[in-house]
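A.B. asks:
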Amino acid sequence: MNTPNNTPLPDSTTVAAELELNGIWDTAAVSELIRSKCENGETPAFLFLGMKEAALLRQHLAQAFGAEAVATLRDTYYMGLEVVEIEVESFVYTGGRKAIRTLQDPISRRPAWRDRGTETMWQFRI
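Residue numbering for the sequence shown follows our numbering, starting at 7 and increasing by one per position.
#1: Reducing DSSP to helix, strand and coil, say where GLU26 ends up.
#2: When burial is assigned at 16 or more other CB atoms within 10 Å of the CB, is GLU45 buried or exposed?
#3: Which same chain residues, not among the five before or five after GLU24, have their C-beta less than 7 Å away from its C-beta?
#4: With the cut-off set at 8 Å, would you say VAL90 and LEU53 are in Cβ contact?
#5: Would you report the Cα separation of MET7 and LEU63, rounded to the nearest angstrom?
#6: Quick one: what does DSSP say ILE132 is sitting in, helix, strand or coil?
#7: Out of ALA22, ILE30, ALA34, which one is the CA nearest neighbour of MET85?
#8: In whole angstroms, what is the alpha-carbon distance linking TRP31 and GLU59?
#9: Just to confirm my understanding: we take VAL36, look at its own chain, exclude 5 residues before and 5 after, and list those with CB closer than 8 Å. What are they?
#10: Measure how close the beta-carbons of MET57 and VAL21 come, nearest whole angstrom, since I'm counting them as under 8 Å.
#11: Quick one: what's got a C-beta closer than 6 Å to LEU67's C-beta in the same chain, skipping five residues either side?
#12: Please list, in chain order, all residues of the same chain as LYS43 whose beta carbon is under 6 Å from its beta carbon, the five residues on each side excluded.
Following this line, the structure appears as structure tokens:
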């Protein structure tokens, strides 16, 4: 299967799962998997989940947001990755690439603070 820009999606028969979850959603393990795939200012863009893992993620998110909020994982992002459900029994894989945007503090772009009274005195003396 190809996406609109002709990037092939992983196939669970040819790509090995990167993580195995044992009956409970492991946030720390998923986070470590994502970190391990980050390099050269890029991070994975997609979190591919099999049916078992998608159910575990739904259950995990339902504890925080309520079951009605996660009836489907369509258009859901987890840890910055778009969640894609794959119709296989069990599968966890991170794929795709996106550039990491560095956050810029708008305050850091402001000119340095100056006291108007002191600044005025200096301007008159020059």
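Glycine is no exception: its CB is placed at the ideal position from the N, C-alpha and C atoms.
C.D. replies: With the given structure in hand:
#1: coil
#2: exposed
#3: If we look at GLU24 and ignore the five residues flanking it on each side, its Cβ neighbours are LEU39, VAL98, TYR99, THR100.
#4: yes
#5: Confidence at MET7 is low in this model, with a pLDDT of 48, below 50, so the placement of that residue should be treated as unreliable; the coordinate-derived value is given next. Approximately 24 Å between the Cα atoms of the pair.
#6: Note that ILE132 has pLDDT 49, beneath the 50 cutoff, so the model's placement of it is unreliable and the number below is only indicative. In the three-state reduction of the DSSP assignment, ILE132 falls in the coil class.
#7: Looking only at ALA22, ILE30, ALA34, the smallest Cα-Cα distance to MET85 is reached by ALA34.
#8: 8 Å
#9: LEU25, LEU53, TYR84, MET85, VAL98
#10: Incorrect: roughly 17 Å between the Cβ atoms, too far for contact.
#11: VAL76
#12: PRO50, THR100
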